[in-house]
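Each number in this note's numbering comes from the position in the sequence shown (counting from 1) with 4 added on.
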Amino acid sequence: MEDTKILSREELKNAALIIKDGGTVVFPTETVYGLGANAFLEKAVEKIFIAKGRPQDNPLIIHISDINDIYNLTYDFNSSAQKLAEKFMPGPITLVVYKNDNIPDIVSAGLKTVGIRCPSNPIAKKFIEECGCPIAAPSANISGSVSATSFFDVKDELMGRVDAIIEGDNCDFGIESTVVDVTKESPVILRPGSITFEMIKEVIPDVKLHPSLVGERLENMKEKPASPGMKYKHYSPKAEVYMVYGEYEKILEWFLKKNNENKCLFMFSELIEDFKNKSSLDKNKKNVYDIGSEKNLNIMAQKIFSYLKKADYDGYKTIYIPAVEEKNIGFSVMNRLKKSCGGKVIKL
Ligand code: TXA
Ligand code: MG
Numbered sequence: 005m006e007d008t009k010i011l012s013r014e015e016l017k018n019a020a021l022i023i024k025d026g027g028t029v030v031f032p033t034e035t036v037y038g039l040g041a042n043a044f045l046e047k048a049v050e051k052i053f054i055a056k057g058r059p060q061d062n063p064l065i066i067h068i069s070d071i072n073d074i075y076n077l078t079y080d081f082n083s084s085a086q087k088l089a090e091k092f093m094p095g096p097i098t099l100v101v102y103k104n105d106n107i108p109d110i111v112s113a114g115l116k117t118v119g120i121r122c123p124s125n126p127i128a129k130k131f132i133e134e135c136g137c138p139i140a141a142p143s144a145n146i147s148g149s150v151s152a153t154s155f156f157d158v159k160d161e162l163m164g165r166v167d168a169i170i171e172g173d174n175c176d177f178g179i180e181s182t183v184v185d186v187t188k189e190s191p192v193i194l195r196p197g198s199i200t201f202e203m204i205k206e207v208i209p210d211v212k213l214h215p216s217l218v219g220e221r222l223e224n225m226k227e228k229p230a231s232p233g234m235k236y237k238h239y240s241p242k243a244e245v246y247m248v249y250g251e252y253e254k255i256l257e258w259f260l261k262k263n264n265e266n267k268c269l270f271m272f273s274e275l276i277e278d279f280k281n282k283s284s285l286d287k288n289k290k291n292v293y294d295i296g297s298e299k300n301l302n303i304m305a306q307k308i309f310s311y312l313k314k315a316d317y318d319g320y321k322t323i324y325i326p327a328v329e330e331k332n333i334g335f336s337v338m339n340r341l342k343k344s345c346g347g348k349v350i351k352l
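Shown next as structure tokens:
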């Protein structure tokens with residue numbers, strides 16, 4: 005596909021025509037950009053797998069603009085599912101439910117279940133409304149690469165591979181939706197996101213984390229991966245990513261020691277001033293990326309994917325990222341970073 009059309013947010017009708025024609029359209033959401041096609045058209049959905057180079061056994065999420073559309077896609081929506089939908093939809097959550105026969109098997113990769121998401125991003129909502137059909141969409145990136153959270157990044161990933169890209173803003177949350185299996189009354193979190201375990205627990209006290217999320221590295225675990233997609237390589241920039249565990253002072257020391265023009269340091273705002281004062285190298289500190297305050301990890305979540313990609317654009321060979329406490333949104337951020345660093349961990 006040589007020609008990818010760039011569409012503004014005023015051109016959603018054109019985007020919808022492409023979808024109706026069986027084409028592929030990239031659209032912004034509040035989590036990450038999505039690569040969409042008509043979920044009811046097998047031939048259109050096939051194009052998603054080709055554009056991403058995605059393994060056929062990794063199911064897609066279906067996006068709807070109205071929560072009530074869920075009932076057209078599933079035959080069983082139990083009370084836990086209803087509670088979660090009421091509390092968190094529209095928003096960054098995906099509910100895995102039993103699929104009905106309206107959904108072609110290619111979408112669910114042959115599974116009996118399907119993930120349903122109702123995005124809150126106004127462009128996404130309007131786009132799906134204009135299409136008049138549910139939109140199957142994975143994250144808009146080449147399989148294995150980092151999910152795109154800005155218009156710039158998504159163009160870099162998919163220009164020439166899709167029919168159109170809708171221009172949106174930077175994504176508000178920056179990591180993909182929380183995936184929750186609600187096929188049983190006790191829901192199980194398969195992928196943590198900005199709707200955290202703690203937030204869901206307030207609504208459904210017996211919610212569980214899938215066992216594969218609780219241990220260390222996925223590869224070392226005996227449990228089956230929580231969802232098919234989780235066994236694949238993920239979130240990998242070209243640069244080597246290292247996760248650095250340690251106390252503030254030790255991390256500062258380490259960063260000072262490692263600071264050179266080939267290395268990129270992700271740092272909390274609080275640390276940057278100290279670092280600048282103590283560092284003798286590179287007064288412009290272009291290799292230091294500000295991941296926001298340690299006290300508000302939502303900023304780190306929002307920036308993390310775009311910074312992993314920026315480090316590649318900027319030509320760094322190595323990235324050091326401080327580990328954070330694995331609770332609330334920190335748990336979701338660490339879930340992504342553990343995959344990104346592929347087990348390369350430095351303990352100070
Ligand atoms: O925020 C998001 O969820 C973004 C935006 C575009 O909506 N989408 C997204 O899709 O992240 P994707 O395909 O990159 O990730 C979907 C994840 C995969 O790990 C997949 O294996 C899992 O959800 N999944 C999809 N359907 C499933 C099912 N029926 N059972 C278990 N896991 C499922
Ligand atoms: Mg993805």
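From the three backbone atoms N, C-alpha and C, an ideal C-beta is built for every residue, glycine too. Owing to the predicted nature of the structure, the values given are computational and were not obtained by experimental measurement.
Requested in this report: Identify every residue that forms a DSSP beta bridge with residue 67.
Outcome: Position 63 of the sequence shown, counted from the start, is the residue given in the question as residue 67. BP columns for residue 67 point to 121 and 139.
Query raised in the report: Per the contact definition of three or more C-beta pairs closer than 8 Å, is the region 19 to 32 in contact with the region 86 to 101?
Result: no
Query raised in the report: Just to confirm, does residue 180 get its C-beta within under 7 Å of one of the non-hydrogen atoms of the ligand MG?
Result: If you number the sequence shown from 1, residue 180 lands on position 176. True, at least one ligand heavy atom lies under 7 Å from that Cβ.
Query raised in the report: Between 304, 244, 160 and 126, which lies nearest to residue 197 when the distance is taken from Cα to Cα?
Result: For the purposes of this step, residue 197 is taken as the residue at position 193 of the sequence shown. Nearest C-alpha to residue 197: 304.
Query - 4-residue-minimum alpha helix (DSSP H) runs that sit fully inside the region 272 to 329, ordered along the chain - result: 273 to 282 and 301 to 317
Query - residue 255 (DSSP reduced to helix, strand or coil) - result: Sequence index remark: in the sequence shown, residue 255 carries index 251 (1-based). If DSSP states are grouped into helix, strand and coil, residue 255 belongs with the helices.
**Report entry** Every unbroken beta strand (DSSP E) within the region 64 to 111, with a cutoff of 3 residues, ordered by chain
**Finding:** 65 to 67 and 97 to 102
Query raised in the report: Can you name, in chain order, every residue of its own chain whose Cβ lies under 7 Å from the Cβ of residue 80, other than the five neighbours on each side?
Result: Counting from 1 along the sequence shown, the entry for residue 80 is found at position 76. So the list reads 101 and 102, once near-sequence residues are dropped.
Query raised in the report: Does the Cβ of residue 151 lie closer than 7 Å to at least one heavy atom of the ligand MG?
Result: Here residue 151 refers to the residue found at position 147 when the sequence shown is read from its first residue. Residue 151: yes, Cβ under 7 Å from the ligand MG.
Query raised in the report: How should residue 265 be labelled, buried or exposed, when 16 other C-beta atoms within 10 angstroms of its C-beta is the threshold for buried?
Result: As a position in the sequence shown, residue 265 is number 261, starting the count at 1. Residue 265 comes out exposed.
Report task. Measure from the alpha carbon of residue 184 to the alpha carbon of each residue in 129, 131 and 117, then state which is nearest. Result -> Within the sequence shown, numbered from 1, the residue matching residue 184 stands at position 180. Of the listed residues, the one whose Cα sits closest to residue 184 is 117.
Report task. Report the partner residues of residue 183 according to the DSSP bridge assignment. Result -> What you label residue 183 is simply residue 179 of the sequence shown in a count that begins at 1. Answer is 98 and 195, bridged to residue 183.
Query raised in the report: Which whole-angstrom value describes the C-beta separation of residue 323 and residue 246, a residue pair presumed to lie in contact below a C-beta threshold of 8 Å?
Result: Walking along the sequence shown from the start, residue 323 turns up at place 319. Walking along the sequence shown from the start, residue 246 turns up at place 242. So it is a contact: roughly 7 Å between Cβ atoms.
Report task. Run the proximity test for residue 11: is its beta-carbon closer than 7 Å to any non-hydrogen atom belonging to the ligand TXA? Result -> Residue numbering aside, residue 11 sits at position 7 when the sequence shown is read from its first letter. No, the beta carbon of residue 11 sits no closer than 7 Å to any heavy atom of the ligand TXA.
Query raised in the report: When you compare only the Cα positions, how much space is there between residue 163 and residue 301?
Result: The residue labelled residue 163 in the question sits at position 159 within the sequence shown. The residue labelled residue 301 in the question sits at position 297 within the sequence shown. In a straight line, the C-alpha of residue 163 is about 31 Å away from that of residue 301.
**Report entry** Pairwise C-alpha distance: residue 186 and residue 22
**Finding:** Your numbering for residue 22 matches position 18 in the sequence shown. Your numbering for residue 186 matches position 182 in the sequence shown. Cα to Cα, the separation comes out at about 33 Å.
Query raised in the report: Hey, would you say the C-beta of residue 142 is under 7 Å away from at least one heavy atom of the ligand MG?
Result: Stepping through the sequence shown from its first residue, residue 142 is reached at position 138. Residue 142 Cβ: within cutoff of the ligand MG.
Query raised in the report: Hey, quick one: how far does the alpha helix (DSSP H) through residue 24 stretch, first residue to last?
Result: By one-based count along the sequence shown, residue 24 stands at place 20. Note, residue 24: alpha helix (DSSP H), 16 to 24.
Requested in this report: Excluding the 5 residues preceding and the 5 following residue 274 in the sequence, name in chain order all residues of the same chain whose CB lies nearer than 6 Å to its CB.
Outcome: What you label residue 274 is simply residue 270 of the sequence shown in a count that begins at 1. Within the same chain, residue 274 has close Cβ partners 298.
Query raised in the report: Thinking C-alpha only, which one of 189, 157, 19 and 244 is nearest residue 99?
Result: On the sequence shown, position 95 is the one that residue 99 refers to. Of the candidates 189, 157, 19 and 244, the one whose C-alpha sits nearest the C-alpha of residue 99 is 189.
**Report entry** Chain-order list of residues whose beta-carbon lies under 6 Å from that of residue 335 (same chain, five-residue window excluded)
**Finding:** Walking along the sequence shown from the start, residue 335 turns up at place 331. Around residue 335: 196.
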